[in-house]
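K.L.:
Numbering follows numbering that gives the first Met the number 0, in which position 472 of the sequence shown is assigned residue number 471; successive positions increment by one, without gaps. Okay, here's the structure, questions in a sec.
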Amino acid sequence: MLWLILSAVLLLLSVLIVRAIRLKPDPVDIPPSDAPVFDKDKATRDLQSLIQCPTVSCSDPSLESPEAFEKLIALLPELFPEVYRACEFIMPGPRSLVYHWKGKQQDQPGVLMAHFDVVPVDQTSWDKDAFSGEIEDGVMWGRGTLDTKCTFLGVLEAADHLLKEGYVPSHDLYLCFSGTEEINGDGAPAIIRYFQEKGIRMNFVLDEGGAIVENVFPGLKKPAAVVGIAEKGTMAVRLSVPASGGHASTPPKISSIGRLARAVAKVEKHPFPAHISDAALAAFLGMAKNASFPMRIIFANLWLFRPVLYLLCSIIGGEFNALVRTTVAFTQMEGSHAFNVMPTSPYVIANVRINCGETTGSVLKRLEEIIADDKIRIDMPYGRDPSPVSVIDGEPWKRLQTAVLQEYPEAIITPYLMLASSDAWNYCALSDHVYRLSPMPMSKAERAMIHGNNERIPLSSLHHVVSFYMRLIRLC
Ligand SMILES: [Zn+2]
């Protein structure tokens, strides 16, 4: 009996170890390439000029400055004269810019995209003017320096330099920019409609997204270029108790606010079940392949360790937890406007990020089941499903991998599931290869500055961005 148990344990151990040994980095063969030469001071000055246009998107249009958007658009021919000379310029919408750069062949065109709007600023919490583009100790401050005027500039600056050198891409390229990304506006959809009317499908699309990051995965020492191949869905869910009211001196047994509080507590007590989507699995495996042996044992043997992984993810929380499940964050609530008046229609709103494999419909159904209170109305003011998962083989991936590893030879490249939402979601209608990467090193502190205070970019990162796009376009 003992002998039998011992043999079974040994067999299990050898299976775990053999599978871990077989989980190793794929060999990559990156052709050498010269570092692109461009005018770094011009790139810096140009970003400064873009930062000085306060192109803030707001859901309430009266809070926006149309002049800022006009100023930025008027500035572009001055900053990027070669692009305006050589490319056809189309505006499918008031905040949608498309530059058509003709290649040697018209088939299999590609898209390089970014957005030029930014989120609002609470200037009192900033240490410097958010729209001055001030440079101190080699770092440029300003809203949009990271998200994402740096990639907007990077694409145009790279194109301008390569055009000046007389470069002609093998295939058509479209440089596409929207000015409504931060409010999920019509900037990108207008561009999609334009391409759909012309019947054009894209060989690949590259938008902002992941970055070159470090210390994000236990046992992984190298920097990792994480490329979003899918993004979670996002929705707003509103819980309300209509026609409540009454007098505060004669309250009912359960107030409408009590009812909502109970519902919120139930939802938070019953997190959505964990499930590793294909995109999250690709991320975990991509990292684990390059990580220490104990990590490779776990991830090569998810058939055994999956429950352990799920448990770890909920204990670690944060990004790890969000990678494997739909998350619910209650963000808004309203009751009555006076302390002695019962609210007539109180509500709470949650922002839900939907895991791949679920939909807005399945989320609503589950919330109804958990809340189980027919006095509470549940509706969805806004929602979109998770994106499809992009294909990570073939020429488009190879090209991206080459450009990334030429620019960052010490890094590894891996797909991942994007937790935030972006304009790239719309482009899945045009291409099976929609990738999301902001091609620059980004520390944890820098990632926290996105949509936060004191957003700023080291000039070295900005120059990496321009250099990366020059390498990528040379491969297109
Ligand atoms: Zn952005």
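Here a beta-carbon is modelled for each residue, glycine too, at the ideal position from N, C-alpha and C.
Does the Cβ-Cβ distance between Asp206 and Met112 come in under 8 Å?
P.N.:
Yes; because the gap between Cβ atoms is below 8 Å, this pair is in contact.
K.L.:
How would you label Phe88, buried or exposed, when you count the other beta carbons within 10 angstroms and need 16 or more for buried?
P.N.:
Phe88 should be labelled exposed.
K.L.:
Based on Cα-Cα distance, which residue from Ala290, Ala279 and Ile370 lies nearest to Ala264?
P.N.:
Cα-wise, what sits closest to Ala264 is Ile370.
K.L.:
By the three-class DSSP mapping on this structure, what secondary structure does Ile412 have?
P.N.:
Looking at Ile412 - three-state DSSP - the assignment turns out to be strand.
K.L.:
In the region 404-468, which residue ranges form an unbroken alpha helix (DSSP H) of at least 4 residues, counting only runs that do not cross its ends?
P.N.:
Runs found: 423-426 and 443-448.
K.L.:
At the level of alpha carbons, what is the spacing between Asn320 and Ala73?
P.N.:
One C-alpha to the other measures close to 44 Å.
K.L.:
I need the straight-line Cα distance from Glu156 to Gly198, nearest angstrom please.
P.N.:
Approximately 29 Å, taken between the alpha carbons.
K.L.:
I want to check one thing, is the minimum distance from the CB of Arg326 to the heavy atoms of ligand 1 below 7 Å?
P.N.:
The displayed chain sequence assigns Thr, not Arg, to residue 326. Incorrect: Thr326 has no Cβ contact closer than 7 Å to ligand 1.
K.L.:
Would you say His462 touches ligand 1, meaning its beta carbon is less than 7 Å from a heavy atom?
P.N.:
Outside the cutoff, so no.
K.L.:
Starting from Ala278 and walking both ways along the alpha helix (DSSP H), at which residues does that stretch end?
P.N.:
Segment Asp277 to Ala287, the alpha helix (DSSP H) holding Ala278.
K.L.:
Give me the Cα-Cα distance between Ser313 and Phe329, rounded to the nearest whole angstrom.
P.N.:
When rounded, the distance between both Cα atoms is 18 Å.
K.L.:
By Cβ distance, which residues of its chain are closer than 6 Å to Ala273, with the 5 residues on each side in sequence left out?
P.N.:
Taken in chain order, the residues that qualify are Tyr309, Val323 and Arg324.
K.L.:
Beta strand (DSSP E) containing Tyr166: first to last residue?
P.N.:
Per DSSP, Tyr166 belongs to no beta strand (DSSP E) and is neither H nor E.
K.L.:
Any heavy atom of ligand 1 inside 7 Å of the beta-carbon of Thr144?
P.N.:
No, the beta carbon of Thr144 sits no closer than 7 Å to any heavy atom of ligand 1.
K.L.:
For my contact list, Ser239 and Ser344 are in at a C-beta cut-off of 8 Å; report their separation, rounded to the angstrom.
P.N.:
Going by Cβ atoms, the distance from Ser239 to Ser344 rounds to 6 Å, so yes, they are a contact pair.
K.L.:
Given that a residue counts as buried once 16 or more other Cβ atoms are within 10 Å of its Cβ, and exposed if not, what is Pro91?
P.N.:
It is buried - the Cβ of Pro91 has at least 16 other Cβ atoms within 10 Å.
K.L.:
Report the partner residues of Leu238 according to the DSSP bridge assignment.
P.N.:
In the DSSP output, where bridge partners are listed per residue, Leu238 has Val347 and Ile377.
K.L.:
Report the three-state DSSP secondary structure of Asp40 (helix, strand or coil).
P.N.:
Residue state, collapsed to three classes: helix.
K.L.:
Since Thr150 contacts Gly285 with CB under 8 Å, what's their CB separation in whole angstroms?
P.N.:
Rounded, the Cβ-Cβ distance is 22 Å, inconsistent with contact.
K.L.:
Note down the Cα distance separating Ala423 from Pro188, rounded to an integer number of angstroms.
P.N.:
Those two C-alpha atoms are separated by around 10 Å.
K.L.:
Counting along the chain, where does the beta strand (DSSP E) carrying Met112 start and finish?
P.N.:
Counting along the chain, the beta strand (DSSP E) containing Met112 begins and ends at Gln104 to His114.
K.L.:
Output the distance between the C-alpha atoms of Tyr193 and Tyr434, rounded to the nearest integer angstrom.
P.N.:
Cα-Cα distance, rounded: 21 Å.
K.L.:
How about Met0 and Ile211: do their beta carbons lie closer than 8 Å?
P.N.:
Result no, Cβ atoms of Met0 and Ile211 do not sit closer than 8 Å.
K.L.:
Could you work out which residue in Gln122, Gln51, Glu135 and Ser169 is closest to Trp100 when comparing CA atoms only?
P.N.:
If we check each option's Cα against that of Trp100, Ser169 comes out closest.
K.L.:
Measure the Cβ-Cβ separation of Ala34 and Ser437 and say whether it is below 8 Å.
P.N.:
No; because the gap between Cβ atoms is not below 8 Å, this pair is not in contact.
K.L.:
For Pro222 versus Glu213, is the C-beta spacing smaller than 8 Å?
P.N.:
Yes, these two residues count as a Cβ contact at 8 Å.
K.L.:
Going by C-alpha to C-alpha distance, which of Gln195, Ile190 and Leu219 sits closest to Phe292?
P.N.:
Ranking Gln195, Ile190 and Leu219 by Cα distance to Phe292 puts Leu219 first.
K.L.:
Give the secondary structure of Gly141 by DSSP, where H, G and I count as helix, E and B as strand, and everything else as coil.
P.N.:
Residue state, collapsed to three classes: coil.
K.L.:
Near Ala428, which residues of its chain fall below 8 Å by C-beta distance, leaving aside the five closest residues on each side in sequence?
P.N.:
Correct list, in chain order: Ile191 and Gln195.
K.L.:
Does ligand 1 have even one heavy atom less than 7 Å from the beta-carbon of Ser421?
P.N.:
Because some heavy atom of ligand 1 lies under 7 Å away, the Cβ of Ser421 counts as near it: yes.
K.L.:
Any chance you could list the alpha helix (DSSP H) runs of at least 4 consecutive residues sitting entirely within the region 257-336, in chain order?
P.N.:
DSSP runs (the alpha helix (DSSP H)) wholly in the region 257-336: 277-287, 292-299, 301-315 and 317-323.
K.L.:
Would the beta-carbon of Asp159 fall within 8 Å of that of Glu81?
P.N.:
Yes, they are a contact pair.
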